[in-house]
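These protein sequences, in sequence, are chains A and B.
Offset between the first sequence (1-based) and the working numbering: plus 44.
Offset between the second sequence (1-based) and the working numbering: plus 184.
Glycine included, each C-beta is placed from N, C-alpha and C at the ideal position.
Because the structure is a prediction, the values reported are computed rather than measured.
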Amino acid sequence: MSFFSDLWDEIVNIFSSAPATSPVVPCAGCGALTPEQAQQWFDHFKSRTDIPWNYPNDCCYNRAEVMDQEMSAAGVQAGKVWNYAPDISHPLRVDTPNDPDGFVEWGYHVAPTVPVMVNGVTTPMVLDPSIASGPVTPQQWKDMQSQPGSQLVLTDATPYYRAPDGRVTATPDAAQIARVFDQHRADRAANWAGR
Amino acid sequence: MIGNRLLRLLFVLLGMIQMSSVPAAPLRPADPMRGPDFVMEKVATWVEHPGADSQLMLADGSRWRLDTHRADYTVQATFIEQALKSDQCLLVSGNKANGIIDRLGAVRSLAVQQVGAQEADGLVTVIFHGPPSVYRVRMSRPGAAQDLALLRHSVASGAFFDKPDLLVGIDTRAKEVVAVKPLARATEAASGATGLRQAK
Chain A
45 MSFFSDLWDE
55 IVNIFSSAPA
65 TSPVVPCAGC
75 GALTPEQAQQ
85 WFDHFKSRTD
95 IPWNYPNDCC
105 YNRAEVMDQE
115 MSAAGVQAGK
125 VWNYAPDISH
135 PLRVDTPNDP
145 DGFVEWGYHV
155 APTVPVMVNG
165 VTTPMVLDPS
175 IASGPVTPQQ
185 WKDMQSQPGS
195 QLVLTDATPY
205 YRAPDGRVTA
215 TPDAAQIARV
225 FDQHRADRAA
235 NWAGR
Chain B
185 MIGNRLLRLL
195 FVLLGMIQMS
205 SVPAAPLRPA
215 DPMRGPDFVM
225 EKVATWVEHP
235 GADSQLMLAD
245 GSRWRLDTHR
255 ADYTVQATFI
265 EQALKSDQCL
275 LVSGNKANGI
285 IDRLGAVRSL
295 AVQQVGAQEA
305 DGLVTVIFHG
315 PPSVYRVRMS
325 RPGAAQDLAL
335 LRHSVASGAF
345 FDKPDLLVGI
355 DTRAKEVVAV
365 KPLARATEAA
375 SGATGLRQAK
């Protein structure tokens, strides 16, 4: 029994992408993270299997919310960045293997931001494992969505949903957030036929 | 001690070799919903029959069957379980005449942010408050004109993410809106649903 339990621990240690310790160590006195800490947060979220990263069609507002909640609880000054398509005829577009058509089109997209200190300057960096492989600047994140005319808006972590006109919605309870994830996991499964 | 660690490592390496020799079967895109009927109602009863068709009755009295042998049976049944658990309507794509279910989906309470003009291919683009994806209404679908009127009314009504005014059925595979109902009317119509689940 002990052999298998030790073996399991060994396997977990070898393959886990989760950080060995909490990446929550904000820069003393400035509240900013180091680039390494930002990457650790990114890796931590990407390894969370309860978040449907493989359903880019929907869920960004729910994903951003749970990431911000966890970072805020850990003392990180997390915020959100919103990217809005200029109009309905010119949506944001991201190529992705996670959609049967090979791409998704959005009216808007949202992801969490964290302050990162680089060369003595604090810059917001976007954590969005649904489309990026690591922390990126808001401009890099915008460029990934292939719509030069889109509009970036940075906010604090508060809005659960923010319309292009600035109207916002308060965060629902944890049960509702979990239901949204469940629904999107089901949608994702239904979009792909069996093996 | 060292021998024990080496043994564990060997065990893990053998497992990796074994796993890598089994090619991962690629998923293929599901087919879009075929209809021809698209119904949004609460679940009245859901009776699973292992080895035979499972029986679904909706609050409007319509009866449907889901083939337990289909490869995506579990995926489809998940939507029924979620509709029962959350006491929400279910989207059924299928043939009312013979009760055969084509596909199932979730029904969403939504408000419309923007509706585009009709394009040359007969599609009208819609963006909702909340879901980021761009969806389309295929105007050749029966009932599409009425659905479009409801979608346009939602924009004008000032409905919002936390104050939705529509129940919307979306084929997430095709990214098409396939059914629309005013939320108030749908809620009244479904008030008699029992949400009873049975299993045999």
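Who are the near neighbours of residue i in its chain, counting only those whose CB is closer than 8 Å to its CB and skipping five residues on each side?
i: Arg322(B); result: Gly306, Leu307, Ala328, Glu360
i: Val26(A); result: With chain A covering only 45 through 239, there is no way to say anything about residue 26(A).
i: Gln266(B); result: Gln272, Ala290
i: Pro316(B); result: none
i: Asp256(B); result: Ala214
i: Pro366(B); result: Leu334, Asp349, Leu350, Leu351
i: Gln260(B); result: Leu250, Arg254, Ile285, Arg287, Leu288
On a Cα-Cα basis, can you pick out the residue from the options that is closest to residue i?
i: Arg287(B); options: Arg249(B), Ala368(B), Gly235(B); result: Arg249(B)
i: Ala368(B); options: Cys273(B), Val362(B), Arg325(B); result: Cys273(B)
i: His253(B); options: Ala243(B), Gly245(B), Glu232(B); result: Glu232(B)
i: Ala358(B); options: Met169(A), Ile95(A), Ala201(A), Asp143(A); result: Asp143(A)
i: Pro156(A); options: Asp131(A), Leu198(A), Pro130(A); result: Leu198(A)
i: Arg320(B); options: Lys347(B), Ile354(B), Pro210(B); result: Ile354(B)
i: Leu211(B); options: Asn101(A), Pro141(A), Asp112(A); result: Pro141(A)
i: Arg211(A); options: Pro366(B), Gly342(B), Leu268(B); result: Gly342(B)
i: Ala219(A); options: Ala214(B), Glu225(B), Ser270(B); result: Ser270(B)
i: Asp120(A); options: Asp200(A), Tyr128(A), Val148(A), Tyr152(A); result: Rather than Asp, the amino acid found at residue 120(A) in this sequence is Val. Of Asp200(A), Tyr128(A), Val148(A), Tyr152(A), the residue nearest in Cα terms is Asp200(A).
i: Thr137(A); options: Ala237(A), Pro79(A), Trp185(A); result: For the record, residue 137(A) in the displayed sequence is Arg; it is not Thr. Comparing Cα-Cα distances from Arg137(A) to each of Ala237(A), Pro79(A), Trp185(A), the minimum goes to Trp185(A).
i: Pro203(A); options: Val160(A), Ala214(A), Asp139(A); result: Ala214(A)
i: Val310(B); options: Leu332(B), Asn282(B), Asp244(B); result: Leu332(B)
i: Tyr152(A); options: Ser190(A), Asp145(A), Gly164(A), Pro79(A); result: Ser190(A)
i: Asn98(A); options: Ile175(A), Ala237(A), Gly193(A); result: Ile175(A)
By DSSP, does residue i sit in helix, in strand, or in coil?
i: Arg218(B); result: coil
i: Val318(B); result: coil
i: Trp85(A); result: helix
i: Ala301(B); result: strand
i: Trp176(B); result: Residue 176(B) lies beyond the stretch modelled for chain B, which goes from 185 to 384, so this question has no answer here.
i: Lys124(A); result: strand
i: Met188(A); result: coil
i: Met323(B); result: coil
i: Thr181(A); result: coil
i: Ile132(A); result: coil
i: Tyr99(A); result: coil
i: Gln272(B); result: coil
i: Asn163(A); result: coil
i: Thr262(B); result: helix
i: Ser238(B); result: strand
i: Phe225(A); result: helix
i: Asp286(B); result: strand
i: Arg206(A); result: strand
i: Lys280(B); result: coil
i: Asp231(A); result: helix
i: Asp172(A); result: coil
i: Pro366(B); result: strand
Excluding the five sequence neighbours on either side, which residues of its own chain have a C-beta within less than 6 Å of the C-beta of residue i, listed in chain order?
i: His313(B); result: Ala295, Gln297, Phe344, Phe345
i: Asp237(B); result: Arg249, Asp251
i: Val31(A); result: Absent from the structure is residue 31(A), since the part of chain A shown begins at 45 and ends at 239.
i: Arg206(A); result: Trp126, Val212
i: His337(B); result: none
i: Gly73(A); result: Unreliable positioning characterises Gly73(A) in this predicted model, as indicated by a pLDDT of 39, which lies under 50. A coordinate reading is not provided.
i: Val154(A); result: Cys104, Tyr105, Ala108, Lys124, Trp126
Buried or exposed: which applies to residue i, given that a residue is buried once 16 or more other Cβ atoms fall within 10 Å of its Cβ?
i: Pro70(A); result: Residue confidence is low: Pro70(A) scores 43 on pLDDT, short of 50, so the model does not pin down where it sits. Its coordinate-derived value is still stated next. Pro70(A) should be labelled buried.
i: Ser66(A); result: Because the pLDDT of Ser66(A) is 46, which lies under 50, any placement of that residue in the model is unreliable, and the number read from its coordinates should be weighed accordingly. With fewer than 16 other Cβ atoms within 10 Å, it is exposed.
i: Lys347(B); result: exposed
i: Ser324(B); result: exposed
i: Val162(A); result: exposed
i: Phe147(A); result: exposed
i: Asn101(A); result: buried
i: Val318(B); result: buried
i: Glu303(B); result: exposed
Give me the Cβ distance between residue i and residue j, rounded to the nearest whole Å; I'm assuming they're in contact under 8 Å.
i: Ser133(A); j: Gly300(B); result: 6 Å
i: Thr262(B); j: Ala230(A); result: 5 Å
i: Ala234(A); j: Thr356(B); result: 7 Å
i: Val364(B); j: Leu350(B); result: 6 Å
If you drop the 5 nearest sequence neighbours on each side, which residues of the same chain put their C-beta closer than 7 Å to that of residue i?
i: Gly278(B); result: Asp221, Trp248, Ile284, Ile285, Asp286
i: Pro96(A); result: Cys103, Phe225, His228, Arg229, Arg232
i: Met111(A); result: Phe89, Pro156, Leu171
i: Phe86(A); result: Leu171, Pro173, Gly178, Pro179
i: Pro159(A); result: Gly75, Ala76, Leu77, Gln121, Thr166, Pro168
Can you determine whether any heavy atom of the ligand GTP sits closer than 6 Å to the C-beta of residue i, and answer yes or no?
i: Val321(B); result: Among the components modelled here there is no ligand, and therefore nothing to report on the ligand GTP.
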